[in-house]
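**Q** What follows is a single structure, and I will ask about it in a moment.
Number of protein chains: 2
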Amino acid sequence: QVPRGNLETIHHRALVLAQVRKWLDGIQFKEAFECMRKLRINLNLLYDHNPKVFLDHVETFIKQVDSVNYINLFLTELKEEDFTKTMYPPLELSDAPERLKSDGKKVDLICDAMRTAMEKINAPKYCLSILTSHVKKSPPELGTALQGIRELREQSSEHTGSNSVEEALKYLLYLVDVGELYDHSLGTYDFDLVLMVAEKSQKDPKEYLPFLNQLKKMEHNYQRYSIDKHLKRYPKALGHLSKCGPEHFPELLNLVKDQSLYKEALKLYPPDTQEFKAISDAYGEYLIQKHLAEEAGLIFFRCGAFQKALDAFQISGNWKQVLCAAAELHYTEDKLASLARTIAGKCIEKRKFGDAAVLLEQYAKDYEEAILILLEGTAWEEALRLIYKYNRADIVETNVKPALLEAQRNHLAFLETHKVTFSRHQKRLSVVRKLKEQARNELQDLEAPHGPESDLFSDASSMVTASEASSKYSHSNSRISARSSKNRRKAERKKHSLKEGSPLEDVALLEALGEIVQSIDSLKGEVHSLLKYLVLFGYDGQAQELQQAFQETLHSVEHSLPEIWSPALQPFPASPVLGPSSTANSITAAYNQQKWTTPAVQDPELFIPPKLNRSIQWKLSLLQ
Amino acid sequence: QVPRGNLETIHHRALVLAQVRKWLDGIQFKEAFECMRKLRINLNLLYDHNPKVFLDHVETFIKQVDSVNYINLFLTELKEEDFTKTMYPPLELSDAPERLKSDGKKVDLICDAMRTAMEKINAPKYCLSILTSHVKKSPPELGTALQGIRELREQSSEHTGSNSVEEALKYLLYLVDVGELYDHSLGTYDFDLVLMVAEKSQKDPKEYLPFLNQLKKMEHNYQRYSIDKHLKRYPKALGHLSKCGPEHFPELLNLVKDQSLYKEALKLYPPDTQEFKAISDAYGEYLIQKHLAEEAGLIFFRCGAFQKALDAFQISGNWKQVLCAAAELHYTEDKLASLARTIAGKCIEKRKFGDAAVLLEQYAKDYEEAILILLEGTAWEEALRLIYKYNRADIVETNVKPALLEAQRNHLAFLETHKVTFSRHQKRLSVVRKLKEQARNELQDLEAPHGPESDLFSDASSMVTASEASSKYSHSNSRISARSSKNRRKAERKKHSLKEGSPLEDVALLEALGEIVQSIDSLKGEVHSLLKYLVLFGYDGQAQELQQAFQETLHSVEHSLPEIWSPALQPFPASPVLGPSSTANSITAAYNQQKWTTPAVQDPELFIPPKLNRSIQWKLSLLQ
C-alpha cells in the first residue's frame with residue numbers, strides 16, 4: 052500500500068454535509084459529531100438541521116457522544132444563529148424541515164434540555180457540562196452554577212471519585228470573568244465559597260479580606276443587606292435591611308428614596324405602622340414631583356397624611372376627595388366654606404358649573420351663588436330645583452328669565468354663524484373638486500402616462516388652486532361661550548389647511564364641514580332643554596323662533612350631506628365597475644371618477660358622512 | 052271672381068303654427084290671437100311659445116287684443132300644461148327658447164300679471180276679466196272676487212257706464228259653483244252681498260232666509276263666530292267668539308277641545324286670566340293623552356295647576372320639575388320625603404343612581420340609603436363624599452370595601468368573557484374570509500364571466516359557508532350589570548346575522564368585534580376610578596391584578612385591529628392599482644382583492660377600525 056497523501060484529507064464540503072445530514076436523520080449523533088469536529092463544521096448544525104428531532108433525542112445524543120469534553124465543546128459553540136440559513140443552506144429548499152419558532156431562545160432551549168437529560172443520566176459525571184449549560188444561558192445563571200458547586204462540596208465528603216470541587220471551580224473560572232463570579236459568590240452569602248473563588252482568582256487578598264472580615268462581624272440581616280447593596284441588588288437589600296430593626300429605618304428610608312423603591316418598601320411594613328406612614332409620605336412627595344398629584348393624594352390619604360392629601364387632591368382637581376380630606380382634618384364650617392369657594396372658583400374656570408354649584412350650595416351654603424353659577428352653565432333644571440328648594444322665586448325674575456332669553460339669542464347667533472360658514476365651505480368644496488378634476492383631465496390629455504399618476508395629480512391640483520390665499524377661511528369661532536374652549540382644542544388638532552389652494556384643501560373642507568355638522572347636531576339636547584324652559588316662563592314666541600331656526604339649520608345641513616359626502620367618496624361603489632364588457636379604459640375611467648377624492652389621507656372617517664343623532668326628540672310639539 | 056270654396060278654410064297646421072310663432076316673436080299678439088281663435092289653436096301657446104316675452108309684454112297684449120271677451124277666453128283656457136311640449140312641439144329643438152322654471156304656478160303667474168296690467172290700464176273696463184283672473188287662480192280667490200263686486204257696488208252710484216254689479220255677479224256665477232260662491236259671500240259678513248248672491252242663485256229663499264235672519268239678530272262678534280263656524284273656519288271663529296264675553300267661554304272651550312285649537316286659544320287671553328288657565332288645563336290633558344307628558348307638565352305648571360304638573364312630570368321622569376311642583380304645592384317634609392323615595396325608586400330602575408342619591412340625601416334625608424345607592428352605581432367618589440359629609444366612616448368597612456372588591460371581580464369576569472368572545476369571532480372571521488375567497492376563485496376558474504360578478508359571489512359564498520348553523524355565536528352578555536340594558540339595546544339594532552354560514556357572516560363578525568372593542572375601550576374611565584379606590588383602601592394586589600388584566604386585554608385587542616380591519620378593507624388602497632403597465636386583468640385582479648370584503652352593506656363605518664380613546668390616562672403608575 053502506498054502511504055496516503057495530503058489529498059485524502061481534502062473533502063468536498065457539500066458531500067460531507069450531505070453525509071452529516073444523513074447521519075443526523077438516522078439519529079447517528081456520534082458519527083455526525085466526530086466528523087463535524089474533525090472537519091470543523093459548526094456544531095450548531097447538530098441542532099439546526101432538525102431542531103425537533105434533536106430535542107426529542109437529547110438523551111440519545113448524550114449517551115452516544117458520551118464525553119464531557121465533547122458536550123462542553125458543543126455547548127460552548129452554541130449561537131442563536133440558525134446555521135441552516137446562513138452557513139449551511141440545504142441543497143433543496145423543500146428539504147428543510149419545518150422550523151420551530153425560535154423567538155431568539157434557541158441556546159436557552161438547548162441548555163435546559165441538555166441539563167435535564169444530563170441530570171437524569173448521571174449528574175456527577177456531567178457536572179462540568181451542567182455548569183457549562185448554566186453559564187451559556189442568557190443571562191448566565193452564575194448563582195445557580197455556584198450553588199451547584201456548593202452542593203458538590205457538601206457531597207464531596209460522602210462520595211469519593213466524583214469530580215472534585217476544585218476542578219469544577221477552576222473550570223467555571225475558565226468559562227466566566229473572575230470579577231463577575233466573585234460578585235455572584237458574594238451573592239450566595241456563603242463566605243467559604245467567596246474565599247474559594249477569591250483564592251482561585253488572581254485577586255489580591257489585601258483587597259478582599261478586609262471587606263470580608265468587616266462583613267463577617269455584622270449582624271446576619273445587616274450583613275446580607277450590605278452584600279446586596281454592594282452588588283446593587285437594591286430590592287433584596289431593602290428586604291434584609293427591613294429586618295434590622297427600627298434603629299436602621301432612617302437608612303432604609305434613604306435607600307428607598309435614592310432608588311425609588313417605594314412600592315417594594317411599602318410591602319415590607321403593615322399599613323398601621325409608623326414606618327409605613329413614613330414611606331408613604333416620601334412616596335407621595337415623589338409622586339407629586341413626578342406630576343402624579345392624584346396618586347400622591349391617594350398615598351397620603353391612606354397613610355393618614357390628610358393635609359398633604361388635601362393639597363395633592365386640590366392640585367389634581369379631585370374636589371370630592373379634597374372634601375373627604377378636609378373632613379378628616381376636622382375643618383370648621385367657616386374653613387370648609389372658604390375651601391369650597393376656592394375649589395368652586397377652579398371648577399368654574401374649567402366650566403364645570405354643576406360641580407361648582409354643589410360646592411357652593413352644600414359646603415359654602417351660598418345657595419344664591421350656586422343658582423347663578425348653574426344659570427351661567429345653562430343648567431336650567433338644576434337651577435330651578437335649587438330655587439324651589441330654597442324658596443328663592445325672586446331669582447326667577449331677576450336672573451332666570453334674562454339668562455333664558457340671552458341663551459336663546461346666543462343659540463340663534465350660533466346657528467346663523469355656522470349656517471353661513473357651512474354653506475361657504477360647501478360652495479368652496481364643489482369649486483375645489485371641479486378644479487381638481489379639470490387639472491387631472493388636462494394632464495391626462497396632455498401627457499402620456501409615465502409614472503404613478505397620483506403624484507402628478509396632487510402637484511397639478513396645488514398648482515391650479517394655489518390662487519390668492521385669502522384669510523377668509525379662518526375657522527369662525529362659536530359665539531356660545533361654553534363652546535369656545537372646546538373649539539379651540541378642535542382647531543389645534545386640525546391637520547389639513549383650509550387655505551385656498553392648499554393641496555388638501557378639499558380634505559380640510561370636508562373636515563371642517565363634518566365638525567360643523569357634529570357641533571350643530573350636538574346642540575339637540577341643549578336646545579330641547581332651553582325650549583322647555585322658555586315655554587315654562589311663557590316665552591313661546593322666542594321658543595318658536597329658536598325651534599324653527601334650529602329645524603331649518605338641521606334640515607339644510609341634512610340635505611347637503613349626500614352632495615358633500617357623495618357616494619363616490621365612499622369605500623364601495625354603488626354600481627360595479629367590472630363586468631364582461633369592461634376594458635382597461637372603462638375600468639380606469641370608473642376608478643378615476645372615484646379617485647378625485649382619494650388623496651393620501653390617514654383618516655378614512657373623514658370620507659364617511661357624519662351620523663346625526665336621531666334618537667333625541669328635541670322638538671316641542673307645543674311649538675309646531 | 053269665383054266664390055270661395057270650402058277648400059280655402061283648410062290650412063296646413065304646421066304652416067299656421069309657423070305663422071303664429073312669427074307673429075308672437077314680432078309681438079303681434081292681435082294677429083296671432085285672431086288666427087288662433089279662428090283655427091282653434093289652444094290659446095296657451097300665446098304664453099308657452101315664449102313665457103318671458105309674454106310676461107314682459109302683458110300690457111301690449113291687452114292693449115292689442117283690446118277685448119274683455121277675448122281676454123276672458125284666454126284666461127279661461129289657461130292650463131298648467133306646457134303646450135310647446137305636448138300639443139305644439141317646435142319644429143327644431145334648438146328653436147325652443149329657454150324655459151322659465153314653472154314650479155306648476157304658470158296659471159297663477161299669468162293671472163296675476165294680467166290683473167296687474169288690466170288694473171293699471173282700465174280697471175272698470177276689464178272688471179269681468181279681473182274677476183276671471185281671481186277665479187282662475189288655485190285656490191280660486193273667491194273672497195277677493197266678491198270683495199271686488201262689493202267695491203263695484205259702492206262705486207256704481209258714482210260712476211255710471213261701468214259694468215253693472217248685476218252683470219259682474221252673473222258672470223261670476225257663470226264661472227263658479229253657486230254653493231261655493233254663497234259660502235264665500237257669507238264669509239265677507241256682508242248680508243247684502245249674501246242676498247245678492249242668493250238671489251242670483253237657484254237657491255230656495257225658504258232655505259237661506261231663516262238662517263240669515265237668525266244671524267242678523269245676533270251680536271256682532273257672535274254673528275261672525277257663527278258664520279265662521281258654519282264655514283268651518285275654526286281659528287277665525289275662535290277669535291270672534293273670544294270677543295263675546297265670559298258667558299260664551301264654555302262654548303269657546305268646547306270649540307277648542309273639539310278642534311284642538313289650544314295654541315290658537317292661548318294666544319287670545321293674557322296668561323293671568325281664568326280663561327288662560329282653563330284652556331291650559333284642557334291643553335295639558337290633551338297633551339297627556341298624546342303621550343307628551345313633559346310638555347303637559349310645562350303647560351300645567353305655568354298656569355298654576357301644580358298637582359297636575361307634578362303628576363305629568365312624574366310620568367315623564369323629569370324629577371327636578373316634580374320637586375319644583377311639590378314646592379309650589381307646599382308639601383310637608385314628610386310628604387316630600389315620601390315623594391322623593393318614590394321617584395328615587397324609579398331612578399334606580401333606570402339605573403340613574405346619581406339622581407336617586409340626590410333625592411334620597413336632600414329630600415328623604417336618608418343619607419345611608421343614598422350612599423348605598425351610589426355604591427350600587429359604582430360612583431365611588433360621590434359615595435365617599437357623602438360618607439365624609441355625614442361622618443359615616445362605618446359604611447366604608449360594611450359596604451364600600453365589599454362593593455369595591457365585587458366590582459373588581461366583575462370587571463375581571465367581564466374582561467375574560469369579552470376576550471374569549473373576541474378571539475373566537477376573530478378566528479371565525481379569518482375562516483369565513485378564506486372560504487369566501489376560495490369560493491370566488493373556484494367560480495372564476497369554472498365559469499366565464501357572463502354577468503355582474505358580485506351576485507355570483509354572494510350566492511356562492513352563502514352556498515359554501517352555509518354549513519351547520521350552530522347556536523354558539525349567540526352574543527354573550529356582559530356580566531357587569533350596569534351594562535346589560537345597553538347591551539340589550541345594542542343587540543336589538545344588530546342588523547346582520549352571526550349564524551355560521553349566513554351570507555353576511557363576515558360583516559356580522561366585524562360588527563360584533565367592533566362592539567367588543569368599543570365596550571372594552573369604554574371601560575377606561577370606570578376602571579381608572581375603581582383602581583384609585585382599590586388603592587385608597589389598600590387593595591393594591593387586586594388593583595394590580597385588574598390593571599394588568601385590562602392592559603393585556605387592551606393590548607391584545609389593539610394588536611388584532613390591523614388584521615381584522617385590514618387595509619384592503621379600507622376605502623383607499625395603499626398602493627395605486629392603476630398605472631401605465633396596467634391591463635384590464637391586472638386592474639380587475641387588484642380590484643377583486645379588495646372586493647372580497649365589499650358586500651352590499653349600508654354601514655361603511657363597519658369597515659373602518661374602531662377608534663380607541665387614547666386621551667384617557669386610565670393606568671395608575673403606582674401599580675406598574
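So the sequences go chain by chain: Y and A. If you're matching positions, the first sequence starts at 52 in our numbering and goes up one per residue. If you're matching positions, the second sequence starts at 52 in our numbering and goes up one per residue. Yeah, the Cβ is synthetic: ideal placement off N, Cα and C, and Gly gets one too.
Just to make sure I have the definition right: I need the residues of chain A whose C-beta is within less than 8 Å of the C-beta of Glu433 of chain Y. Which are they?
**A** Ordered by position in chain A, the residues that pass the 8 Å Cβ test against Glu433 of chain Y are Lys371.
**Q** Quick one: give me the first and last residue of the alpha helix (DSSP H) that Val248 of chain Y is part of.
**A** That run of the alpha helix (DSSP H) goes 242-251.
**Q** For Thr195 of chain A, which of helix, strand or coil comes out of DSSP?
**A** Reduced to three states, the DSSP call for Thr195 of chain A is helix.
**Q** Can you tell me whether DSSP reads Arg64 of chain A as helix, strand or coil?
**A** Here Arg64 of chain A sits in helix by DSSP.
**Q** Spatial neighbours of His100 of chain A within its chain, please: C-beta separation below 7 Å, excluding the five flanking residues on both sides.
**A** The residues are Arg72, Leu75, Thr135.
**Q** Using 9 Å as the limit for Cβ to Cβ distance, is Arg436 of chain Y near chain A?
**A** Output row for Arg436 of chain Y: interface = yes.
**Q** Going by DSSP in three states, Val483 of chain A sits in which element: helix, strand or coil?
**A** Helix.
**Q** Could you check which residue in Y:Ser389, Y:Leu480, Y:Cys375 has the C-alpha nearest to that of Ile438 of chain A?
**A** The candidate whose alpha carbon is nearest that of Ile438 of chain A is Y:Cys375.
**Q** By the criterion of Cβ-Cβ separation under 9 Å, what are the contact partners of Arg353 of chain A in chain Y?
**A** Under the 9 Å cutoff, chain Y gives Val586, Leu587, Phe588, Gly589.
**Q** Excluding the 5 residues preceding and the 5 following Glu315 of chain Y in the sequence, name in chain order all residues of the same chain whose CB lies nearer than 7 Å to its CB.
**A** Cβ within range, chain order: Pro286, Leu289.
**Q** Taking one C-beta from the stretch 546-564 of chain A and one from the stretch 307-322 of chain Y each time, how about it: are there three or more such pairs within less than 8 Å?
**A** No: fewer than three Cβ pairs fall under 8 Å.
**Q** What residues from chain Y crowd round Cys375 of chain A, counting only those whose CB sits closer than 7 Å?
**A** Under the 7 Å cutoff, chain Y gives Leu435, Arg436, Tyr439.
**Q** Quick check on this structure: which residue in A:Leu90, A:Phe84, A:Gln595, A:Phe473 has the alpha carbon closest to the alpha carbon of Leu97 of chain A?
**A** For Leu97 of chain A, the nearest C-alpha among the options comes from A:Phe84.
**Q** Rounded to whole angstroms, what's the CA-CA distance from Thr183 of chain Y to Phe125 of chain Y? Just pull it up for me.
**A** Whole-angstrom Cα-Cα distance: 10 Å.
**Q** The alpha helix (DSSP H) spanning Thr239 of chain Y covers which residue range?
**A** No alpha helix (DSSP H) holds Thr239 of chain Y; DSSP gives it neither H nor E.
**Q** Can you give the Cα-Cα distance for Pro140 of chain Y and Asp117 of chain Y, rounded to whole angstroms?
**A** About 29 Å.
**Q** I want to know whether the stretch 245-261 of chain Y touches the stretch 291-302 of chain Y - three or more CB-CB distances under 8 Å.
**A** Not touching, per the Cβ criterion.
**Q** Could one say the Cβ of Leu349 of chain A lies closer than 9 Å to chain Y's Cβ atoms, at least one of them?
**A** So yes, Leu349 of chain A belongs to the interface.
**Q** Flag Glu346 of chain Y as yes when its Cβ comes closer than 8 Å to any non-hydrogen atom of the ligand PLP, and as no otherwise.
**A** Among the components modelled here there is no ligand, and therefore nothing to report on the ligand PLP.
**Q** CB-CB under 6 Å to Leu565 of chain A, same chain, minus the five flanking residues each way: which ones, in chain order?
**A** A small fix is needed here, since residue 565 of chain A is Gly in this sequence, not Leu. Only Pro661 meet the Cβ criterion.
**Q** Please say whether Leu338 of chain Y and Ser580 of chain A have beta carbons closer to each other than 9 Å?
**A** Their beta carbons are not under 9 Å apart, which means Ser580 of chain A does not touch Leu338 of chain Y by this criterion.
**Q** For the stretch 337-348 of chain Y, which residues have a beta carbon sitting closer than 8 Å to at least one beta carbon of chain A?
**A** Hits within the stretch, in order: Leu338, Lys341, Leu343, Glu345, Glu346.
**Q** Taking 9 Å as the cut-off, decide whether the C-beta atoms of Leu380 of chain A and Ala333 of chain A are in contact.
**A** Not closer than 9 Å, so no.
**Q** Quick one: give me the first and last residue of the alpha helix (DSSP H) that Ala430 of chain Y is part of.
**A** No alpha helix (DSSP H) contains Ala430 of chain Y, which DSSP labels as neither H nor E.
**Q** Would you give the residue range spanned by the alpha helix (DSSP H) that Glu217 of chain Y belongs to?
**A** Note, Glu217 of chain Y: alpha helix (DSSP H), 216-226.
**Q** If we ignore side chains and look at the alpha-carbon of each, how far apart do Glu448 of chain A and Thr429 of chain A end up?
**A** Their Cα atoms are separated by approximately 16 Å.
**Q** So, is the C-beta of Gln413 of chain A closer than 9 Å to a C-beta in chain Y?
**A** With 9 Å as the cut-off, Gln413 of chain A counts as an interface residue toward chain Y.
**Q** If the cut-off is 7 Å on Cβ atoms, which residues from the stretch 662-675 of chain Y count as contacting chain A, listed in chain order?
**A** Cβ contacts with chain A come from Leu671, Ser672, Leu673.
**Q** Interface residues of chain A around Ala356 of chain Y at Cβ under 7 Å?
**A** What Ala356 of chain Y touches in chain A: nothing, since even the nearest Cβ is about 13 Å away.
**Q** Within the 9 Å Cβ cut-off, does Asn442 of chain Y reach chain A?
**A** True, the Cβ-Cβ gap to chain A drops below 9 Å.
**Q** Could you tell me whether the Cβ atoms of Leu203 of chain A and Lys157 of chain A are closer together than 9 Å?
**A** Cβ atoms of Leu203 of chain A and Lys157 of chain A: not closer than 9 Å.
**Q** What's the gap between the Cα of Val608 of chain A and the Cα of Phe465 of chain A?
**A** Each residue's Cα considered, the two are about 14 Å apart.
**Q** Can you list, in chain order, the residues of its chain whose CB lies under 6 Å from that of Glu420 of chain A, leaving out five sequence neighbours each side?
**A** Result list for Glu420 of chain A: Leu411, in chain order.
**Q** So, Gln372 of chain Y versus Leu435 of chain A, is the Cβ gap smaller than 9 Å?
**A** Contact flag set, yes.
**Q** Look up Glu400 of chain Y in the DSSP assignment and say whether it is helix, strand or coil.
**A** Of the three classes helix, strand and coil, the one that applies to Glu400 of chain Y here is helix, per DSSP.
**Q** How would you list, in chain order, the residues of chain Y whose beta-carbon sits under 9 Å from the beta-carbon of Ala659 of chain A?
**A** The amino acid at residue 659 of chain A is misidentified as Ala; the sequence shows Ile. Correct list: Pro622, Pro655, Glu656, Ile659.
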